[in-house]
Amino acid sequence: MIIEHPLLGPRDAAEFVYLGDAAMIDRPDGMTVDDTGMHDYMYLRDNPAGDIRELWYHEQGDRSWLVVTRNTITHEITKVELARDVARRSGRSR
Amino acid sequence: MSQPNRIAGGQIDDKHALSFRWNGRNLTGYAGDTLASALLANGIRLVGRSFKYHRPRGIFSSGSEEPNALVQLREGAAQEPNTRATMVELFDGLVATSQNHRGALEWDLLAINDLISPLLSAGFYYKTFMWPKAFWEKLYEPVIRSAAGLGRLSELADPDIYDHGFLHCDLLVIGAGPAGLTAARAAARAGCRVILADEDFRMGGRLNAETHAVADMPGAEWASATCAELASMPNVRMMPRTTIYGAFDHGIYGGIERKTDHLVDSAGKPRQVLWRIMSKRALLCAGATERSIAFANNDRPGVMLAGGVRSYVNRYGVAPGQQVAVFTNNSDGLRTAADLEAKGIAVSAVIDARKGDAVIDTSGRKGLRSLRLNDGRKISADCLAVSGGWSPNVNLTCHHRGRPVWNDSIMGFVPAGDLPPGLSVAGAANGTMTLASVIAEAHDAAKMIACDLGHARGAGVAPTSSDETYEASAIWHVGGSPARAWVDLQNDVTTKDIKQSMEEGFQAVEHVKRYTTLGMATDQGKTSNTLGIAIMAAASGNAIPDTGTTVYRPPYTPVSIGAFAGRARGKDFRPFRLTPSHEWALANGADFVETGMWLRAQWFKRPGEAGWRDSVDREVAMTRASVGICDVTTLGKIDIQGRDAAEFLNRVYSNPFLKLPVGKVRYGLMLREDGIVYDDGTCARLAETHYVMTTTTANAGTVFRKLEFARQCLWPDLDVHLISTTDGWAQFAVAGPNSRALLSKVVDSMDLSNEAFPFMACSECRVFGGTPARLFRISFSGELAYEIAVPARYGHAMMGALMQVGEEFNAVPYGTEALGVMRIEKGHAAGNELNGQTTAHMLGLGGMVSRKKDSIGSKLSERPEMIRDDGLRLVGFRPVDRTQMLTAGAHFLEKGAPADMAHDKGWMTSVAYSPELGHSIGIGYLKRGGERFGETVRAYSPVRNQDIMVEICSPHHIDPEGERQRG
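Okay, structure coming up:
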């Protein structure tokens, strides 16, 4: 697989470490969330046949966390973003 | 030495004789031969025994599809089983032997299997050997194991080296036959960066084996000229001897290049290179593979594919027989006869199935002697050239789960539209079966690809060529004889096996494959799959398209495991990381232990010490009595800086970090988000916005990864920056009552008094007159102790200098074992205790998890099951009989309780012998352990055969109030 790094261009997948669903970015605040909310964040994941947004870490590279949109049937990668930008867009700035 | 079947012509160099050994016989061939062509030239027809029935078998084909001629190549450690003689390029000094027989090849004792063949029919594995039950292990399995398999491994380490490599191109052309050469030339002329790969050592494909003309010259000559042109172009990489074995994601193709397999000795060069080829586009020009026709006894040596016969005659200058008959169901048959006659080889009959003629049986015990036809005639022949039509090599088009479709006009499966992205197909692989149309199609395909890639001009025009017609008919199986008719030669699958499988309910194509083994093993049914599917279709009454094909997966042909491993073998697979004091330790009697990838000193043996315990007990005693020094560089170190560093730490550690003053160190407990303890360590605040975190050795990499996740994904706008400095700083623990005195002589002008530099203080400083250093007053041993860090390049010198200064205090170096003893004496948790199931409560650290803030894992650590009062607690243990030794892993039971899971009360995690206390001690998890000090329980270890009574105590076996470390 080749991942089109937004800063570094096409990189071989062997340079990356895989984590999982990009939903892990949306961590609720532990002081305000109820048990169910934190439980669901921790344990519930979708398993789609089709596009999934997932987290890859460029460990053998610039240490960027990326959000990669990948089709689980074809392995086609349609979008790669810096996870930091995704986090900011979903309101995680402060 | 004479080669009885050698004839004139071909692309071999008869000035260049090569000698080789076959089953102990010295033989001669020529440069340009394969092992198969050289054996045939020497009149050797019997080359192996079949897999199941041990039938005599000969060379069947001239390419990578070969099912029969599998040999052991080379000798000793370099020996390679199941090598296809048709793919082995002959070299001077080659040694090969036949395989899968007991006794001589000519007199194989296991040929008895052929007589009991009714017992070994499809599915016999699943039906026989069922009873009596005990016979399986004692009799059946050992007998089957010794009889099963084809070649034999040397069971020695492979002496050759293998490499991995990466290549990039605009266009990868797979196969260098007429289609591949035409396409590569057009794309290269247009300006594309082209890689042309072919599994053969001589490019040209069927052009080398046939008598076609291209561009008004013999096809083989055109192929050589085109190869020369391509080789001279700077934008082309020619890769003969390279099999593209798989189509992977995003235009990546796997290639295996045989670099030195054609040399007697690899001379230190890689034997094979596994390439990962990144292509913008790829064009499959893999051609087609001929198949046989099923008729009785169609497996005798001498029965060959007609295309293979033409290869031997035209390319290798070898007559596969003196009297050759041709049996065909398509228009290729007459060409075979014409090519043979042109070389003066007698053709005894041409049997054209389309005219109603057929071979119904053969005879000849160890090689073909005659044929019986359906009209009663008996024909003499020592070679029968069979053509059952051609199957396009669609394999790579199916590696992304594509399914080929049936084409009635060529009687074969052709690629459908569902190809891997970026891959196109041209030529016979695409079902285009005649030369002129192959060349035209390949040229157009390459031109279009070049245009897509921005090279619209320059491709030139396609070469002209001779053309022919190709008509195939649907004649698969000839009946008329009760004898077995083979479909899959390699796995000994006959038409009867397929019919039986269908009758027994295994009717789907994937079921038939597994029940009969049709299409399995090293050739993956290249010559047999389509024939097998046609016979299934006939048996079920379904059409061939409705019967379908099995799934094609990589690799296209076998790839050696060594190539996949590449250089990552032995220690190169997992190299050691060495500590800065490694050389010093080596020179000072250390025994080493692997901790993760690190090699650490385990203890330092002194003269007169009989066993490891002597060394460890001494190191502990001397450290606690005076001072000891231990290299702790392996602990993870993370440099954390930024205005929001304190806030960041407060969110990743479960205990509070906002108020840690500059110049102080704090113990930090890290949880996983699910509330389980993840890691622990210390964090030192060197300046207002500068911290240094330590992690356990094992988690150094993953903690850093998690912190980056928290920094980038959870709190993207905190001003905090991380860098791993584990390898940047050499760090030493200096522990024991004299540690202060020792360090006072090391550190430049710094007050180390307890008032000026108390327990948990830290500071940047200088040592030995100016070398930058960091000093931390932290203690894992429980003694008055420090850790001192210097840039890693000074680590070796630092160790020596510390020991030199320490001489007056009788300082000792200590290893990981003494470190472990001292931490168990102090009840400090380590890897044994933090096993991925541990809560802060179990460690007695429940109070550290702050409820006043949100940190990773804090919310889910509050779940009721995590904080149960009757849950496990870390406590200490000592044997009631102090002479007994405790055992890690022992489980705790109440006295008199049965030893089962229902009565399990916990387990011992770590044990050690305490030199200070003079007896064995342990720590472990016990239910309600914190309330039971002074009581006794049973420590039961059926694994180590131990069952003793132990006394429950505080996990802090020594100095429970911590006075020493604060002193």
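Chains as they are written, first to last, in numbering that gives the first Met the number 0: chain A, 0 to 93; chain B, 0 to 966.
A virtual CB, placed ideally from N, CA and C, is assigned to each residue, including glycine.
For a cutoff of 8 Å on Cβ pairs, would you count B/Leu859 as touching chain A? The residue you call residue 859 of chain B lines up with position 860 of the second sequence. Closer than 8 Å to some Cβ of chain A, the Cβ of B/Leu859 qualifies, so yes.
I need the DSSP call for A/Asp33, collapsed to helix, strand or coil. As a working mapping, residue 33 of chain A is identified with position 34 in the first sequence. Coil.
If the cut-off is 9 Å on Cβ atoms, which residues from the stretch 240-253 of chain B count as contacting chain A, listed in chain order? Phe247, Asp248, His249, Gly250, Ile251
Suppose contacts are defined by Cβ-Cβ distances below 8 Å. Is B/Leu367 in contact with B/Ile378 by that definition? Position 368 of the second sequence, counting from 1, holds the residue named residue 367 of chain B. Position 379 of the second sequence, counting from 1, holds the residue named residue 378 of chain B. No, Cβ-Cβ distance for B/Leu367 and B/Ile378 is not below 8 Å.
Please list, in chain order, the residues of the stretch 160-178 of chain B that have any C-beta partner in chain A closer than 9 Å. Phe165
Just how far apart, CA to CA, sit B/Val477 and B/Ala449? In the second sequence, residue 477 of chain B corresponds to position 478, counting from 1. In the second sequence, residue 449 of chain B corresponds to position 450, counting from 1. If I take the Cα positions, the gap works out to 48 Å.
So the candidates are B/Phe876, B/Leu844, B/Val874, B/Arg280; which of them puts its Cα closest to the Cα of B/Ile866? To locate residue 866 of chain B, count along the second sequence from 1; it is residue 867. Here the closest residue by C-alpha is B/Leu844.
Mind listing the chain B neighbours of A/Ile1? Cutoff is C-beta to C-beta under 9 Å, in chain order. One-based indexing of the first sequence puts residue 1 of chain A at position 2. Within chain B, the residues near A/Ile1 are Asp248, His249, Gly250, Ile251, Met277.
Just checking: is the beta-carbon of B/Leu713 within a distance shorter than 8 Å of some beta-carbon in chain A? Working through the second sequence from its first residue, we reach residue 713 of chain B at position 714. So yes, B/Leu713 belongs to the interface.
Is the shortest distance between the beta-carbon of A/Gly60 and the beta-carbons of chain B less than 8 Å? Locating residue 60 of chain A in the first sequence gives position 61, where the first residue counts as 1. By this cut-off, A/Gly60 is not an interface position.
Assuming the contact rule is C-beta atoms closer than 8 Å, B/Ala35 and B/Ala84 should be a hit. Round their C-beta distance to whole Å, please. Position 36 of the second sequence, counted from the start, is the residue given in the question as residue 35 of chain B. Position 85 of the second sequence, counted from the start, is the residue given in the question as residue 84 of chain B. Yes, B/Ala35 and B/Ala84 are in contact; Cβ-Cβ is about 4 Å, under 8 Å.
Mind pulling the alpha helix (DSSP H) runs of 4 or more residues that sit fully within the stretch 802-854 of chain B? 815-825
Is the stretch 463-477 of chain B touching the stretch 32-47 of chain B in the sense that three or more CB pairs, one from each, lie closer than 8 Å? no
Can a CB atom of chain B be found closer than 8 Å to the CB of A/Ile51? Along the first sequence, one-based indexing puts residue 51 of chain A at 52. No, A/Ile51 does not count as interfacial toward chain B.
Look at the alpha carbon of B/Leu138 and the alpha carbon of B/Pro954, and state the distance between them as a whole number of angstroms. Reading the second sequence from its first residue, position 139 is the one you call residue 138 of chain B. Reading the second sequence from its first residue, position 955 is the one you call residue 954 of chain B. Rounded to the nearest angstrom, the two C-alpha atoms are 55 Å apart.
Please go through the stretch 183-259 of chain B and give each complete alpha helix (DSSP H) segment of 4 or more residues, from N-terminal end onward. 218-230
Enclosing beta strand (DSSP E) for A/Thr59 [first to last residue]: Here residue 59 of chain A refers to the residue found at position 60 when the first sequence is read from its first residue. At residue 59 of chain A the sequence reads Gln, which differs from the Thr that was named. Where A/Gln59 is concerned, there is no enclosing beta strand (DSSP E), given that its DSSP letter is neither H nor E.
Which chain B residues sit within Cβ distance under 8 Å of A/Tyr56? By one-based count along the first sequence, residue 56 of chain A stands at place 57. Ordered by position in chain B, the residues that pass the 8 Å Cβ test against A/Tyr56 are Arg704, Glu707, Phe708.
Span separating the alpha-carbon of A/Thr77 from that of B/Lys446: Along the first sequence, read from residue 1 onward, the residue named residue 77 of chain A stands at position 78. Along the second sequence, read from residue 1 onward, the residue named residue 446 of chain B stands at position 447. Rounded to the nearest angstrom, the two C-alpha atoms are 28 Å apart.
Can you tell me where the beta strand (DSSP E) with B/Val640 in it begins and where it stops? Locating residue 640 of chain B in the second sequence gives position 641, where the first residue counts as 1. Residue 640 of chain B is actually Gln in this sequence, not Val. Segment 635-640, the beta strand (DSSP E) holding B/Gln640.
Compile a chain-ordered list of the residues in the stretch 656-684 of chain B whose CB is closer than 7 Å to at least one CB of chain A. Glu672, Asp673
Quick check: the Cα distance between B/Asn297 and B/Thr515, rounded to an integer number of angstroms? By one-based count along the second sequence, residue 297 of chain B stands at place 298. By one-based count along the second sequence, residue 515 of chain B stands at place 516. Rounded to the nearest angstrom, the two C-alpha atoms are 18 Å apart.
First and last residue of the alpha helix (DSSP H) that includes B/Arg334? Counted from its first residue, the second sequence places residue 334 of chain B at position 335. Looking at the DSSP string, the run of the alpha helix (DSSP H) that includes B/Arg334 is 332-341.
With DSSP as the reference, please indicate the residues paired to A/Thr111 in a beta bridge. Given that chain A is displayed from residue 0 to residue 93, the structure contains no residue 111 of chain A and the question cannot be resolved.
Please state if the CB of B/Thr693 and the CB of B/Thr681 are separated by a distance shorter than 8 Å. If you number the second sequence from 1, residue 681 of chain B lands on position 682. If you number the second sequence from 1, residue 693 of chain B lands on position 694. Yes, Cβ-Cβ distance for B/Thr681 and B/Thr693 is below 8 Å.
Tell me the residue span of the beta strand (DSSP E) that contains B/Thr27. Translated into the one-based positions of the second sequence, residue 27 of chain B becomes position 28. 24-30 is the span of the beta strand (DSSP E), which, as asked, contains B/Thr27.
Proximal chain A residues relative to B/Asp32, where beta-carbon distance stays under 8 Å: Here residue 32 of chain B refers to the residue found at position 33 when the second sequence is read from its first residue. The premise fails here: B/Asp32 is roughly 40 Å from chain A at the closest Cβ pair, so nothing lies under 8 Å.
Would you mind sorting B/His827 into buried or exposed? The rule is 16 or more other CB atoms within 10 Å of its CB. Taking the second sequence and counting its residues from 1, the one referred to as residue 827 of chain B is at position 828. It counts as buried.
Length at least 3, wholly inside the stretch 734-802 of chain B: the beta strand (DSSP E) runs in chain order: 761-766, 770-775, 784-790
Assuming B/Arg872 and B/Gly929 are in contact, meaning their beta carbons sit under 8 Å apart, how far apart are those beta carbons, in whole angstroms? The residue you call residue 872 of chain B lines up with position 873 of the second sequence. The residue you call residue 929 of chain B lines up with position 930 of the second sequence. Confirmed, Cβ separation roughly 5 Å.
DSSP on B/Tyr469, reduced to helix/strand/coil? Locating residue 469 of chain B in the second sequence gives position 470, where the first residue counts as 1. DSSP places B/Tyr469 in coil when its eight states are reduced to three.
For chain B, is any of its Cβ atoms less than 8 Å away from the one on A/Gly118? A question about residue 118 of chain A goes unanswered here, because the residues of chain A that appear run from 0 up to 93.
Mind checking if B/Asp899 is an interface residue toward chain A, Cβ cutoff 8 Å exclusive? To locate residue 899 of chain B, count along the second sequence from 1; it is residue 900. It does not; no Cβ of chain A falls within 8 Å.
If you draw a straight line from the C-alpha of B/Leu670 to the C-alpha of B/Gly727, how long is it? Against the second sequence, residue 670 of chain B aligns to sequence position 671. Against the second sequence, residue 727 of chain B aligns to sequence position 728. Computed Cα separation, rounded: 26 Å.
Does the distance from the C-beta atom of B/Ile543 to that of B/Ile534 stay below 8 Å? To locate residue 543 of chain B, count along the second sequence from 1; it is residue 544. To locate residue 534 of chain B, count along the second sequence from 1; it is residue 535. No, Cβ-Cβ distance for B/Ile543 and B/Ile534 is not below 8 Å.
Distance CB(B/Ser408)-CB(B/Asn329) smaller than 8 Å: Locating residue 408 of chain B in the second sequence gives position 409, where the first residue counts as 1. Locating residue 329 of chain B in the second sequence gives position 330, where the first residue counts as 1. Their beta carbons are not under 8 Å apart, which means B/Ser408 does not touch B/Asn329 by this criterion.
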